[in-house]
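Participant: Residue numbers for the sequence shown follow this note's numbering, so the first one is 181 and each next one is one higher. Beta carbons: idealized from backbone N, C-alpha and C, even for Gly. Just so it is clear, the structure is predicted and the values come from calculations on it, not from any experiment.
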Amino acid sequence: MPSRIELANAIRVLSMDAVQKAASGHPGAPMGMADIAEVLWNDFLKHNPQNPSWVDRDRFIMSNGHGSMLVYSVLHLTGYDLSMDELRNFRQLNSQTPGHPELGYTAGVETTTGPLGQGLANGVGMALAEKALAAHFNKDGHNIVDHHTYVFLGDGCLMEGISHEACSLAGTLGLGKLIGFYDDNGISIDGEVQGWFSDDTPKRFESYGWHVIPNVDGHDPKAVAAAVEEARAETERPTLICCKTVIGFGSPNKRGTAGVHGAPLGDEEIALVREELNWKHEPFHVPDEIYAGWDAKEKGAAAEADWNERFAAYQKAYPELAEEFERRVIKGDLPQDFAAKADAFIQTVQKDAKKLATRKASQDTIEEFGAILPELLGGSADLAGSNLTMWSGSKPITAKDADGNYIFYGVREFGMTAIMNGIAAHGGFINYGGTFLMFMDYARNAVRMAALMKLRNVFVYTHDSIGQGEDGPTHQPIEHMATLRATPNLDVWRPCDGAETAVAWKAAVERRDGPTALVLSRQGLDAVERTSEQVADIARGGYVLRDSEGQPDLILIATGSEVTPTLQAAEQLTAKGHAVRVVSMPSTSTFDAQDAQYREAVLPAAVSARVAVEAAHVDPWYKYVGLNGKVVGMTTFGESAKGEDLMKHFGFTVENIVKTAQELL
Numbered sequence: 181m182p183s184r185i186e187l188a189n190a191i192r193v194l195s196m197d198a199v200q201k202a203a204s205g206h207p208g209a210p211m212g213m214a215d216i217a218e219v220l221w222n223d224f225l226k227h228n229p230q231n232p233s234w235v236d237r238d239r240f241i242m243s244n245g246h247g248s249m250l251v252y253s254v255l256h257l258t259g260y261d262l263s264m265d266e267l268r269n270f271r272q273l274n275s276q277t278p279g280h281p282e283l284g285y286t287a288g289v290e291t292t293t294g295p296l297g298q299g300l301a302n303g304v305g306m307a308l309a310e311k312a313l314a315a316h317f318n319k320d321g322h323n324i325v326d327h328h329t330y331v332f333l334g335d336g337c338l339m340e341g342i343s344h345e346a347c348s349l350a351g352t353l354g355l356g357k358l359i360g361f362y363d364d365n366g367i368s369i370d371g372e373v374q375g376w377f378s379d380d381t382p383k384r385f386e387s388y389g390w391h392v393i394p395n396v397d398g399h400d401p402k403a404v405a406a407a408v409e410e411a412r413a414e415t416e417r418p419t420l421i422c423c424k425t426v427i428g429f430g431s432p433n434k435r436g437t438a439g440v441h442g443a444p445l446g447d448e449e450i451a452l453v454r455e456e457l458n459w460k461h462e463p464f465h466v467p468d469e470i471y472a473g474w475d476a477k478e479k480g481a482a483a484e485a486d487w488n489e490r491f492a493a494y495q496k497a498y499p500e501l502a503e504e505f506e507r508r509v510i511k512g513d514l515p516q517d518f519a520a521k522a523d524a525f526i527q528t529v530q531k532d533a534k535k536l537a538t539r540k541a542s543q544d545t546i547e548e549f550g551a552i553l554p555e556l557l558g559g560s561a562d563l564a565g566s567n568l569t570m571w572s573g574s575k576p577i578t579a580k581d582a583d584g585n586y587i588f589y590g591v592r593e594f595g596m597t598a599i600m601n602g603i604a605a606h607g608g609f610i611n612y613g614g615t616f617l618m619f620m621d622y623a624r625n626a627v628r629m630a631a632l633m634k635l636r637n638v639f640v641y642t643h644d645s646i647g648q649g650e651d652g653p654t655h656q657p658i659e660h661m662a663t664l665r666a667t668p669n670l671d672v673w674r675p676c677d678g679a680e681t682a683v684a685w686k687a688a689v690e691r692r693d694g695p696t697a698l699v700l701s702r703q704g705l706d707a708v709e710r711t712s713e714q715v716a717d718i719a720r721g722g723y724v725l726r727d728s729e730g731q732p733d734l735i736l737i738a739t740g741s742e743v744t745p746t747l748q749a750a751e752q753l754t755a756k757g758h759a760v761r762v763v764s765m766p767s768t769s770t771f772d773a774q775d776a777q778y779r780e781a782v783l784p785a786a787v788s789a790r791v792a793v794e795a796a797h798v799d800p801w802y803k804y805v806g807l808n809g810k811v812v813g814m815t816t817f818g819e820s821a822k823g824e825d826l827m828k829h830f831g832f833t834v835e836n837i838v839k840t841a842q843e844l845l
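(1) As a quick exercise: from L617, M600, M765, E824, pick the residue whose alpha carbon is nearest that of G649.
(2) State yes or no: is the C-beta of A738 within less than 9 Å of the C-beta of P732?
(3) What is the residue span of the alpha helix (DSSP H) that K496 lies within?
(4) Report the option in A697, W390, G694 whose CA atom is closest to the CA atom of G579.
(5) Would you call R454 buried or exposed, if buried means 16 or more other Cβ atoms sit within 10 Å of its Cβ?
(6) Using CA atoms only, rank isn't needed, just tell me which of R490, K534, D621, K477 is closest to N228.
(7) Pull up the distance between the alpha-carbon of S560 and that of A679, whole angstroms please.
(8) Please classify T816: is it buried, with 16 or more other beta-carbons within 10 angstroms of its beta-carbon, or exposed?
(9) Using the Cβ count rule (16 or more neighbours within 10 Å means buried), how would you classify T415?
(10) Report yes if the CB atom of W234 is closer than 9 Å to the CB atom of E503, and no otherwise.
(11) Tell me which same chain residues have a C-beta within less than 7 Å of the C-beta of F317, skipping the five on either side of it?
(12) Given 8 Å as the limit, is there contact between the stretch 414 to 431 and the stretch 197 to 214, that is, 3 or more CB pairs closer than that?
(13) With H, G and I counted as helix, E and B as strand and the rest as coil, what does DSSP make of K803?
(14) Less than 8 Å between the CB atoms is what I'm expecting for G299 and S243, so what's the real figure, rounded?
(15) If the criterion is Cβ atoms closer than 9 Å, does the pair S728 and T711 meet it?
(16) Taking the straight line between their C-alpha atoms, what separation do you get for G550 and L826?
(17) With a Cβ-Cβ cutoff of 9 Å, do H328 and L358 count as a contact?
(18) Apply the 10 Å Cβ neighbour rule to R692 and answer buried if 16 or more other Cβ atoms are within range, or exposed otherwise.
(19) Report, in whole angstroms, the separation of the C-beta atoms of G305 and G602, which I expect to be a contact under 8 Å.
(20) Expressed to the nearest angstrom, what Euclidean distance is found between the alpha-carbon atoms of V408 and R702?
(21) In three-state terms, what does DSSP make of K810?
(22) In whole angstroms, what is the alpha-carbon distance linking V715 and Q530?
(23) Since N302 and A598 are thought to touch, with beta carbons under 8 Å apart, how far apart are those beta carbons, to the nearest angstrom?
(24) Going by DSSP in three states, D513 sits in which element: helix, strand or coil?
(25) For I646 and E819, what's the separation of their Cα atoms in angstroms?
(26) Would you decide whether E469 is buried or exposed? Buried here means 16 or more other CB atoms lie within 10 Å of its CB.
(27) Taking the alpha-carbon positions, what's the G398 to A214 distance?
(28) Would you give the residue range spanned by the beta strand (DSSP E) that C422 belongs to?
(29) Say whether the stretch 342 to 352 touches the stretch 247 to 256, bearing in mind that this needs 3 or more beta-carbon pairs closer than 8 Å, one atom from each stretch.
(30) With the cut-off set at 9 Å, would you say T768 and V812 are in Cβ contact?
(31) Given that a residue counts as buried once 16 or more other Cβ atoms are within 10 Å of its Cβ, and exposed if not, what is L353?
(32) Identify whether L262 lies in helix, strand or coil by the three-state DSSP scheme.
(33) Taking the alpha-carbon positions, what's the E456 to R435 distance?
(34) Sorted by chain position, which residues of the same chain lie with C-beta nearer than 6 Å to P675's C-beta, five sequence neighbours on each side aside?
(35) Go through the stretch 735 to 780 residue by residue and report every complete run of the alpha helix (DSSP H) that reaches 4 residues or more, in order.
(36) Can you check which of these residues, A605, H660, R779, V793, is closest to T293 by C-alpha distance?
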């Protein structure tokens with residue numbers, strides 16, 4: 181049987197060889213954390229290489245995602261569907277081994293990491309999801325949800341502010357099955373971190389309410405194993421294991437320096453590493469005895485088989501809960517009657533149309549959907565009373581009682597969004613989180629990561645424009661709609677009334693391949709009259725809300741609070757003898773996904789006179805109105821005044837829309 185150091189050396193050598201072949205990458209972290217990974221994966225991690233999606237597996241996250249070759253090495257060695265050829269193709273086009281771990285590319289990778297600190301925050305979300313699901317589904321003698329979340333992280337993760345946001349909340353919520361391994365090697369890209377990172381990390385995490393195990397020798401398997409045992413015994417608090425390691429361990433000339441962080445070692449140094457580690461094998465060759473020492477297929481299959489037996493007993497004892505668990509957690513399906521009930525609610529909203537803010541229409545929809553979706557998990561970044569994200573059935577999750585459906589995230593927009601990403605990646609919930617649209621900026625990179633990972637999140641962004649008024653330009657979003665719409669795989673909805681809001685929520689809940697942003701007004705908006713056909717067409721993202729007799733000679737396009745004045749402008753233009761069509765386009769991405777025939781029917785190419793109206797940056801709308809069209813929008817920041825005064829000041833009036841349209845006719 182190979183020694184533990186020989187098993188760990190397999191990670192080191194595979195990592196340095198793959199980086200060398202790719203001529204780029206980060207060998208230092210995998211070489212430095214190899215001993216920790218060997219202990220965790222061989223002695224503690226509960227997983228099944230033959231079924232990477234087994235629901236009760238432990239979750240492993242490499243938050244310092246630049247060290248991706250550690251992940252790929254252990255997945256390959258333990259028996260996942262990741263061949264040696266894929267390791268040879270590290271960082272190459274269409275390989276299963278991209279430069280940073282990516283969800284959906286590699287079996288066994290739980291989340292996409294690379295932007296530092298976010299993997300740690302994702303881990304908080306996964307541990308939170310585990311705790312909440314366990315509180316709901318586990319019964320005496322039947323623990324069907326019982327797994328840990330393990331996170332590798334480095335100095336860079338802890339320097340990023342998101343680590344404070346997420347870890348502070350993790351301590352408050354008592355996430356006892358979250359265990360972090362801090363790779364305290366003292367080196368980052370620029371050199372020795374003491375010059376710019378001198379925090380007392382153990383005291384910092386103790387202040388968050390974490391259990392901290394300091395000064396663990398990360399190259400001593402017995403010390404690492406003892407620390408993990410201690411961490412697992414602590415069930416009331418998350419644990420940070422502070423591991424002292426040497427970056428690039430095994431490299432005689434580059435170990436302990438920034439030179440091994442993010443560049444290939446070079447052929448000469450790699451030869452010296454092989455001598456240092458007594459590794460006598462050619463690149464990308466692992467001896468059979470090393471594979472045997474790592475192979476986790478049999479142990480993993482046994483662990484899953486044991487869980488299957490326990491779940492069968494659970495099904496007999498609690499058949500209704502077991503059925504719900506299968507639907508929500510194993511399959512991720514919606515209730516069979518969700519679509520019908522949602523459609524009925526949409527029709528009721530349209531029938532009983534009334535003036536209200538779309539943030540209130542959103543809350544009304546949450547009230548309806550929450551009653552039929554037990555998996556709906558809400559939250560807000562300290563703005564619940566403004567975002568209107570709570571409903572009558574909201575129950576906060578706390579450290580002592582996790583059987584809830586609402587999270588008070590505190591003023592942590594970035595942390596909230598990255599935690600939501602972890603919850604979504606874990607499974608079992610459809611989660612939504614609210615803040616002001618303006619503060620999406622704080623969360624921007626986590627929103628991007630949600631779209632990149634195709635996660636089923638709902639971002640509730642209220643106070644959508646200058647129309648919110650007196651808080652002034654610091655709180656009035658201008659470029660944010662353009663930023664969101666430019667994000668691939670993110671559906672963005674800006675509804676104009678209750679019916680469009682309900683449709684947007686239904687689309688967000690039903691979407692399984694990416695996140696949705698709901699952009700909602702603070703101020704009350706008039707309800708719009710529609711036919712049943714128009715109500716059905718809302719789901720297509722853009723539709724004809726008011727049409728002319730015969731072919732129009734002018735098309736007005738609007739969203740959100742600007743739909744009503746645009747309809748009124750159309751009436752005045754019609755009275756002046758113009759044939760005017762009004763298109764409501766609450767979701768440009770959804771409209772763009774429709775077939776060409778439908779898009780042409782709504783926006784016929786023959787009609788070149790077009791005006792778009794939206795209290796946001798003008799640039800995205802030239803895609804629909806053409807360079808010769810007009811946009812009534814924003815090109816400056818807002819001002820501090822009442823919302824109605826600002827709308828008039830910046831030209832979002834019937835008179836200005838009419839004037840702008842007439843310039844084209």
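Facilitator: In this structure, then:
(1) E824
(2) Annotated as distal: A738 and P732, with beta-carbon spacing of 9 Å or more.
(3) 477 to 497
(4) Sequence inspection shows Ala at residue 579; the Gly mentioned does not correspond to that position. Of the candidates A697, W390, G694, the one whose C-alpha sits nearest the C-alpha of A579 is W390.
(5) buried
(6) K477
(7) 23 Å
(8) exposed
(9) That one is exposed.
(10) no
(11) For F317, where only same-chain residues beyond five positions count, the Cβ hits under 7 Å are I324, V325, L501, F505.
(12) yes
(13) helix
(14) Yes, G299 and S243 are in contact; Cβ-Cβ is about 3 Å, under 8 Å.
(15) no
(16) Answer to the nearest angstrom: the Cα atoms are 36 Å apart.
(17) yes
(18) exposed
(19) 2 Å
(20) Note on geometry: alpha-carbon atoms of V408 and R702 lie some 49 Å from one another.
(21) strand
(22) 8 Å
(23) 6 Å
(24) Correct three-state label for D513: coil.
(25) 8 Å
(26) Counting Cβ neighbours within 10 Å, E469 comes out exposed, since fewer than 16 surround it.
(27) 9 Å
(28) 419 to 424
(29) No, the stretch 342 to 352 does not touch the stretch 247 to 256.
(30) no
(31) buried
(32) The answer is coil: DSSP assigns L262 none of H, G, I, E or B.
(33) One C-alpha to the other measures close to 12 Å.
(34) For P675, where only same-chain residues beyond five positions count, the Cβ hits under 6 Å are T538, T681, A684, P766.
(35) 743 to 755, 768 to 772
(36) Among A605, H660, R779, V793, the Cα nearest to that of T293 belongs to A605.
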